[in-house]
Amino acid sequence: MLEIKDLHAGFEGTEIIKGVDLTIKKGEVHAIMGPNGSGKSTLSKVLAGHPDYEVTGGTVTYEGKNLLDMEPEARALEGIFMGFQYPVEIPGVNNSEFLRMAYNARLLYKDPDAEEIDPLDFEEILDAKMKLVEMDHKYKERFLNDGFSGGEKKKNEILQMAILEPKLAILDETDSGLDIDALKAVSQGINRLISGENAVILITHYQRLLEYIQPHFVHVMSAGKIVKSGEKDLALQLEAQGYDWLTAPAT
Amino acid sequence: MSTTTEETAQAESAFLELHKGRQQSTQAPEAVKELNQAGIQRFELLKFPHSKHEMFTYVRTVDTVATPYALAGPEAVSKEFIESASYSACEQTRLVLVNGFLNEELSNTEGMNGVKVSGLSEALGQAEVRDYLRSGAENENDVFASLNAAFFSEGIFIDVPADTALKSPVLLLCISTGGEKPKASFPRLLVRAGRGSESNFIVKFVGQRENYLVDAAQDFILEENSCVGLTQIQADLGNSRHFCKTRVRQKKDSRFNLIGSLSGARLARDHFECRLQEPGAEMSMKGVTVLRDEEQAHRFIRIHHEAPHCVSEQNFKNVINDQGRSSIDGTVIVNQGAQLTRSDQLINNLMLSDGAHADGKPNLMIFADDVKCTHGNTVGQIDGDQLFYLQTRGLSREAARSLLTTSFAQSIIESIPHPEAVADLNDTLLKKLEAKNG
């Protein structure tokens, strides 16, 4: 599904990603862990196509296509979803209308002859998905993320994921800043969305999330590279020993 | 080339000439003519602004005043035009002013339950009204409002009796007919909201043909515990010039809520002056402006807190594209003794092009020591992070840009309490953005 080869990328002339290789197949859940500043979030932004980040080398192939050539919206329409570490607040844009716009954009991309969904029909889908992520209905009529608590913002990200049904979800620190109840609700929501048909990249700083979501693979990033890959046990080892034993040789 | 001072001096004599001729020929009643005389005297004192005039720091009016105008008369307007500009909720509460003259045939006051609508000349029979207007004309500080006082010939007086609640909003349609030669008109409105009354007004400025100057003045007198809502829609044609001075006087516990939209014109300028005269008076003013091409829209605002325990709130959102120019010069004055005043003022400008221009001057003058006042002004472009966020959800860059721009303006438009006016602005004002965003 996704093949990253020797990826180099940076921000304002500083190289942050220094040669990342990663292959992700359908049905897999990958966790990328690592200390602050290791390049985890940059990797997710590069994959989503943030214009401020510059790719300086390597290739990213998604479903046989050159991902790096695609605009952010094309990546989204092709099935990539990025869950933001800090979801953006947009006052003035009604949350449920926005969700319907995003849903319709996807619908029309898959089938240009399709008709936009009837608002009442969409309401039903929305209600069901909100239940899935345990989100209060009052957030439907609020402005997009405007004044939402940290937990509600993250739930809203997962709600969007539920509605857009991506093939590949990249969730950037979806667990950070959440209290235990919100973390449970968010991870349960993610678990319900994981199927053999899609793939998930969980970017996280803490092992805590992995108690709720079982990854197939765990990768450790440090100084812009994946320095170690393994299975779920690796996360436990990291929790016990910290990152130092992995990062020390790199410096 | 003549200097600005010469040009304005010539323009002043042109208006004085126009006035002289008009005073001889007009059918207006003596009481109105007397007021007109007070107006022109004030005009002679005030004079047209030069470039350093404090009240016109951001507004250049030379080419506007140097245009030779004829006075517009009560011309015919088609029913279709009126229907297209009206709202069905106001079918029986509609006043049509054509070039400042009331067109009774096109107006309908059947739904005004008990509210008295008359010509200002009739109302001038009341000493109270006469004194109010006379002192207003004599103390006017805005030269364009003094021109209105000098030239208005009829005007409308709406008297809302005490403890009356008007169900439907009153629509005041101010139509300028324009034409081949530039014409000037001077609509005049006076509203008195009686004690404990509740009423809503929609004042809408439209043009039938280009090439006109509309120079309006309106007064709202709010008696004790009355509540007035005003939605003002400036939708003049692009080539026109629009001036409007609004004066509000508020008594004890009265509330005034204004939401105003400016679509801009060759020059559009709104002057708003509110006096919170007695304790417990509250006012709120919201504004939205959308400009493109070389349109201009300016606001000049003075809010006087003259008594304790009063509240004023202001919130403006301006979207400026192409070479558009906008300015807001707003001062809140808290008088000595006006303790426990609460006042907020916020101006947000969204710039869509390199040539767009916005001036903001939020200002506070506080002479009391127990008050809570805030003010702020922001100028920005479309937020890159917001744009990216929407793109990652599958919206094209253009769709995302358009959504962010319209939502910025919509947050004000949606607060208008009249659904038809909201739909109207979504259709017209916001369309201006779509056309440019492709």
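Line order of the protein sequences matches chains A and B.
Quick note on this note's numbering: the first sequence kicks off at 4 and runs consecutively.
Quick note on this note's numbering: the second sequence kicks off at 619 and runs consecutively.
Note that CB positions come from ideal geometry on N, CA and C, so glycine has one too.
Owing to the predicted nature of the structure, the values given are computational and were not obtained by experimental measurement.
Against chain B, with Cβ distances strictly below 7 Å, would residue i count as a contact?
i, result
"A:Gly95", "yes"
"A:His222", "no"
"A:Met85", "yes"
"A:His53", "yes"
"A:Pro122", "no"
"A:Leu196", "no"
"A:Ala76", "Going by the sequence as given, residue 76 of chain A is Glu instead of Ala. Output row for A:Glu76: interface = yes."
"A:Ala253", "Summary for A:Ala253: the model assigns pLDDT 47, below 50, so the residue's position carries little reliability, and this model does not support an answer."
"A:Ala12", "no"
"A:Val91", "yes"
"A:Leu5", "no"
"A:Leu46", "no"
"A:Leu80", "yes"
To which residues does DSSP link residue i through a beta bridge?
i, result
"B:Pro980", "B:Gly948"
"B:Thr996", "B:Asn966"
"B:Leu863", "This sequence places Lys at residue 863 of chain B; Leu is not what is there. B:Ala835 and B:His889, per the DSSP bridge assignment."
"B:Ser803", "B:Val832"
"A:Tyr65", "A:Leu5 and A:Lys68"
"B:Gly878", "B:Gln850 and B:Gly905"
"B:Tyr676", "Note: B:Tyr676 sits in no beta bridge, so no partner."
"B:Arg920", "B:Glu891 and B:Thr949"
"A:His11", "A:Lys21 and A:Gly60"
"B:Asp777", "B:Lys734 and B:Arg810"
"B:Phe819", "B:Val788 and B:Leu848"
Looking at C-alpha atoms only, which residue of the options is the closest neighbour of residue i?
i, options, result
"B:Ile776", "B:Ala802, B:Asn717, B:Glu723 and B:Asp837", "B:Asp837"
"B:Ile839", "B:Leu831, B:Lys904 and B:Leu848", "B:Leu848"
"A:Ala172", "A:Leu10, A:Asp24, A:Gly30 and A:Phe14", "A:Gly30"
"A:Leu241", "A:Lys134, A:Tyr209, A:Asn159 and A:Glu200", "A:Tyr209"
"A:Asn165", "A:Lys141, A:Glu176 and A:Asp130", "Correcting the residue identity first, residue 165 of chain A is Ala in this sequence and not Asn. Comparing Cα positions, the closest option is A:Asp130."
"B:Leu634", "B:Thr675, B:Ala684, B:Tyr676 and B:Met673", "B:Ala684"
"B:Ser803", "B:Ala690, B:Ser971 and B:Arg813", "B:Ala690"
"A:Met104", "B:Leu1013, B:Val866 and B:Gln710", "B:Leu1013"
"A:Asn98", "B:Asn721, B:His860, B:Leu1047 and B:Ser1025", "B:Ser1025"
"A:Ala12", "A:Asp55, A:Asp116, A:Pro115 and A:Val32", "A:Asp55"
"A:Ile229", "A:Tyr215, A:His140, A:Tyr65 and A:Ile206", "A:Ile206"
"B:Val952", "B:Cys928, B:Leu885 and B:Lys1050", "B:Cys928"
"B:Ala933", "B:Cys862, B:Asn818, B:Leu1043 and B:Asn995", "The sequence given here places Asn at residue 933 of chain B; Ala does not occur at that position. Here the closest residue by C-alpha is B:Asn995."
"B:Arg859", "B:Ile877, B:Ala883, B:Gly825 and B:Arg867", "B:Ala883"
"B:Ala986", "B:Glu841, B:His922 and B:Pro1035", "B:His922"
Just the Cα atoms here: how many angstroms apart are residue i and residue j?
i, j, result
"B:Gln1138", "B:Met983", "Residue 1138 of chain B is absent from the structure shown; chain B starts at 619 and stops at 1056."
"A:Leu181", "A:Phe151", "13 Å"
"B:Glu701", "B:Val714", "11 Å"
"A:Thr254", "A:Glu18", "Unreliable placement is indicated for A:Thr254, whose pLDDT of 45 sits below 50; no coordinate value is reported for it."
"B:Gly1056", "A:Phe125", "Model confidence at B:Gly1056 stands at a pLDDT of 40, short of 50, so the residue's coordinates are unreliable; what they give is reported in the following sentence. The alpha-carbon atoms of B:Gly1056 and A:Phe125 are separated by roughly 27 Å."
"A:Gly192", "A:Glu155", "13 Å"
"A:Lys8", "A:Gly22", "8 Å"
"B:Lys1054", "B:Asn875", "Unreliable positioning characterises B:Lys1054 in this predicted model, as indicated by a pLDDT of 49, which lies under 50. A coordinate reading is not provided."
"B:Met619", "B:Tyr687", "For B:Met619, the predicted model reports a pLDDT of 46, less than 50, meaning its position is unreliable and no value from the coordinates is stated."
"B:Lys904", "A:Pro94", "16 Å"
"A:Lys3", "A:Glu92", "The structure shown does not extend to residue 3 of chain A, since chain A is modelled only from 4 to 254, so the question has no answer here."
"B:Ala1041", "B:Ala974", "27 Å"
"B:Leu958", "B:Glu891", "21 Å"
"B:Asp871", "B:Gly898", "4 Å"
"B:Leu664", "B:Gln954", "28 Å"
"B:Val650", "B:Asp854", "27 Å"
"B:Thr949", "B:His993", "10 Å"
"A:Lys231", "A:His33", "13 Å"
"A:Ala243", "A:Arg211", "12 Å"
"B:Asp1001", "B:Lys990", "31 Å"
"A:Met85", "B:Ile851", "42 Å"
"B:Thr815", "B:Glu746", "Looking at the sequence itself, residue 815 of chain B is Ser, so the reference to Thr does not match. Roughly 19 Å between the two C-alpha positions."
"A:Val136", "A:Gln163", "10 Å"
Is residue i close to chain A? Criterion is C-beta to C-beta, closer than 7 Å.
i, result
"B:Ser1025", "yes"
"B:Gln895", "no"
"B:Gln999", "no"
"B:Gln1028", "yes"
Compute the minimum distance between the beta carbon of residue i and the heavy atoms of the ligand ZN, and state whether it is under 6 Å.
i, result
"B:Tyr687", "Ligands displayed in this structure: none; no statement on the ligand ZN is therefore possible."
Output needed in chain order: residues of the stretch 1002–1015 of chain B with a Cβ under 8 Å from some Cβ in chain A.
Taking 8 Å as the cut-off between beta carbons, the residues of the stretch 1002–1015 of chain B near chain A are Gly1002, Asp1003, Gln1004, Phe1006, Tyr1007, Leu1008, Gln1009, Thr1010, Arg1011, Gly1012, Leu1013, Ser1014 and Arg1015, in sequence order.
Select from the stretch 161–180 of chain A all residues with a C-beta closer than 9 Å to any C-beta belonging to chain B, and list them in chain order.
Gln163 and Leu167
Closer than 8 Å, Cβ to any Cβ of chain A: which residues of the stretch 1030–1045 of chain B, in chain order?
none
Chain-ordered residues of the stretch 104–118 of chain A with a beta carbon less than 8 Å from chain B:
Met104, Ala105, Ala108, Arg109 and Tyr112
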